[in-house]
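J.: Residue 0 is where the sequence shown starts when you use numbering that gives the first Met the number 0, and the numbers rise one by one after that.
Beta carbons are placed, not taken as given, at the ideal position from N, Cα and C, and that holds for glycine.
Note that the coordinates shown come from a computational prediction; the quantities given were computed from them, not determined experimentally.
Take this structure, written in structure tokens, and hold onto it; I'll ask about it next.
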Amino acid sequence: MPPTAKLDPEAWLAEAMVTCEIVERVTLTHEWMPATHIGIADKIYYIEDGGGHLVLENELYVLKPGQAYIIPTALDQRGELDQQVGLQKIWTHFSVVAMQSLYLLMLHPPPRCLAGKTGKAIGKLMRQMLDEWNGNQPGHHLAIKSLLMQIIVTAYRAPQEDIVKPDEIVAKSTSPVPSPADEHYKAIRDVLNLMAEHYMSPWTLAEFAAHVNLSPNYFNTLFRRVIGLPPMRFLESLRLRHARTLLGGTRMHIAEIATEVGYQDAAYFTRVFTRQTGESPSAYRTSVQSNRRLIH
Numbered sequence: 000m001p002p003t004a005k006l007d008p009e010a011w012l013a014e015a016m017v018t019c020e021i022v023e024r025v026t027l028t029h030e031w032m033p034a035t036h037i038g039i040a041d042k043i044y045y046i047e048d049g050g051g052h053l054v055l056e057n058e059l060y061v062l063k064p065g066q067a068y069i070i071p072t073a074l075d076q077r078g079e080l081d082q083q084v085g086l087q088k089i090w091t092h093f094s095v096v097a098m099q100s101l102y103l104l105m106l107h108p109p110p111r112c113l114a115g116k117t118g119k120a121i122g123k124l125m126r127q128m129l130d131e132w133n134g135n136q137p138g139h140h141l142a143i144k145s146l147l148m149q150i151i152v153t154a155y156r157a158p159q160e161d162i163v164k165p166d167e168i169v170a171k172s173t174s175p176v177p178s179p180a181d182e183h184y185k186a187i188r189d190v191l192n193l194m195a196e197h198y199m200s201p202w203t204l205a206e207f208a209a210h211v212n213l214s215p216n217y218f219n220t221l222f223r224r225v226i227g228l229p230p231m232r233f234l235e236s237l238r239l240r241h242a243r244t245l246l247g248g249t250r251m252h253i254a255e256i257a258t259e260v261g262y263q264d265a266a267y268f269t270r271v272f273t274r275q276t277g278e279s280p281s282a283y284r285t286s287v288q289s290n291r292r293l294i295h
């Protein structure tokens, strides 16, 4: 039997497709993320001014200007700002999609918080991304993809002295949303990982519940409380996000894309896609190509 190939994040990244959903600068003065929630997109925050704190899983970081945070999807998070000084940050939502995994950064995360020369370098790249996003010049999508990939590579290459350790390991949250120490919260995390790796499989609600030894009704309620969507709806959103990437970034036939993302019936896939996006897969592909809305 041939040896099992090791997972190579760098090789995956080289072949990955990247979509960027938003880049903006925001100034917060009252409230940020007081309740724990799980993000459903990869994020980068670059802190320009102000202060506060950010909790990622059970790690608390004190926010300081010059810091960059790389936050993979499905990571629980909450944050509070210092209301005396507020908080100014540049942030982006994006997805790195590799063929072997829906979310590369979730399975192979870079350091969470970076400062020093690495933080400054990421800040410079984030400002360039923001200029490209707002400028809307020809080729800006390609430029944004290039800058985003530079940020990710910069994070992976960060020297040890630029990797910021958490300021505190926090105790179990008193939030009504389960904390990372809660076994049921871990069950939701297990299912999210399962969905990310095997989203194309023909899952049922009962199968997800059985995977974590919960009843279907309780699992459905818990998943909705933590994620904000029913599990099958969330799975559908993962499949359709991957389908949008394939429609805009490849020449695969729609029937092939349907199979790739977990729909054996291309007609059913078309109905689901149209219902959720407001346009058919072929119309979406045409609009992406004409308006250059997808980074590819």
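Ala-209 by DSSP, collapsed to three states: which one?
T.: helix
J.: For Gln-263, does the count of other Cβ atoms within 10 angstroms reach 16, so buried, or fall short, so exposed?
T.: exposed
J.: What three-state label does DSSP hand Ala-67 in the structure shown?
T.: Strand, per DSSP.
J.: Following the continuous beta strand (DSSP E) through Val-271, name the residue where it begins and the one where it ends.
T.: Unbroken run through Val-271 is the alpha helix (DSSP H), 265–276; no beta strand (DSSP E).
J.: Where do the N-terminal and C-terminal ends of the beta strand (DSSP E) with Val-54 fall, by residue?
T.: 51–55
J.: Quick one: what's got a C-beta closer than 6 angstroms to Ile-46's C-beta in the same chain, skipping five residues either side?
T.: Leu-62, Pro-64, Gln-66, Lys-88
J.: Using the C-alpha atoms, what's the distance from Thr-153 back to Arg-126?
T.: Cα to Cα, Arg-126 sits roughly 15 angstroms from Thr-153.
J.: Taking the runs of the alpha helix (DSSP H) that are 4 residues or longer, which of them lie wholly in the region 105–145?
T.: 115–134
J.: Figure out for me which residue from Val-95, Ile-69, His-29, Glu-79 has the closest Cα to the Cα of Glu-20.
T.: Val-95
J.: Is DSSP giving Asp-81 helix, strand or coil here?
T.: coil
J.: Grab the span of the beta strand (DSSP E) containing Leu-59 for me, first residue to last.
T.: 58–62 is the span of the beta strand (DSSP E), which, as asked, contains Leu-59.
J.: Comparing C-alpha positions only, which one of Ala-205, Lys-116, His-210, Asp-75 sits nearest to Asp-189?
T.: His-210
J.: Quickly, what does DSSP pair Glu-167 with across the bridge? List them, please.
T.: Leu-59
J.: Looking at Asn-219: is its Cβ nearer than 8 angstroms to the Cβ of Pro-230?
T.: yes
J.: Using the C-alpha atoms, what's the distance from Ser-214 back to Ala-208?
T.: 6 angstroms
J.: By DSSP, does Leu-74 sit in helix, in strand, or in coil?
T.: coil
J.: Between the C-alpha atoms of Gln-159 and Val-54, what's the straight-line distance to the nearest angstrom?
T.: About 21 angstroms.
J.: Whose C-alpha, out of Ser-281, Ser-279, Val-17, is nearest the C-alpha of Ala-142?
T.: Here the closest residue by C-alpha is Val-17.
J.: Which residues in the same chain have their Cβ closer than 6 angstroms to the Cβ of Trp-90, if we skip the five residues on either side of it in sequence?
T.: Tyr-44
J.: Can you name, in chain order, every residue of its own chain whose Cβ lies under 7 angstroms from the Cβ of Leu-204, other than the five neighbours on each side?
T.: Take Leu-204, set aside five residues on each side of it, and the residues of its chain with a beta-carbon closer than 7 angstroms to its own are Pro-215, Asn-219, Pro-230, Met-231, in chain order.
J.: Looking at the secondary structure, which residues open and close the alpha helix (DSSP H) in which Met-199 lies?
T.: Met-199 -> no alpha helix (DSSP H), and no H or E assigned at all.
J.: Specify, as a first and last residue, the run of the alpha helix (DSSP H) that Arg-238 falls within.
T.: 230–248
J.: Counting only the same chain and skipping the five closest in sequence on each side, list residues whose C-beta sits under 8 angstroms from that of Ala-114.
T.: Lys-63, Gly-65, Gln-66, Ala-67, Asp-161, Val-163
J.: If you check the beta carbons only, do Glu-131 and Leu-146 fall under 8 angstroms apart?
T.: Glu-131 is a Cβ neighbour of Leu-146, given a cutoff of 8 angstroms.
J.: So, are the CB atoms of Gly-49 and Val-22 less than 8 angstroms apart?
T.: no
J.: Quick one: using the 10 Å Cβ neighbour count with 16 as the cut-off for buried, is Thr-117 buried or exposed?
T.: buried
J.: Using only alpha-carbon positions, find the residue among Ile-168, Pro-71, Gly-122, Arg-224 that is nearest to Gln-149.
T.: Selected option, being the one with the closest Cα: Gly-122.
J.: What residue range does the alpha helix (DSSP H) around Leu-258 cover?
T.: Note that residue 258 is Thr in the sequence shown, not Leu. Taken as a continuous stretch (DSSP letters only), the alpha helix (DSSP H) holding Thr-258 covers 253–259.
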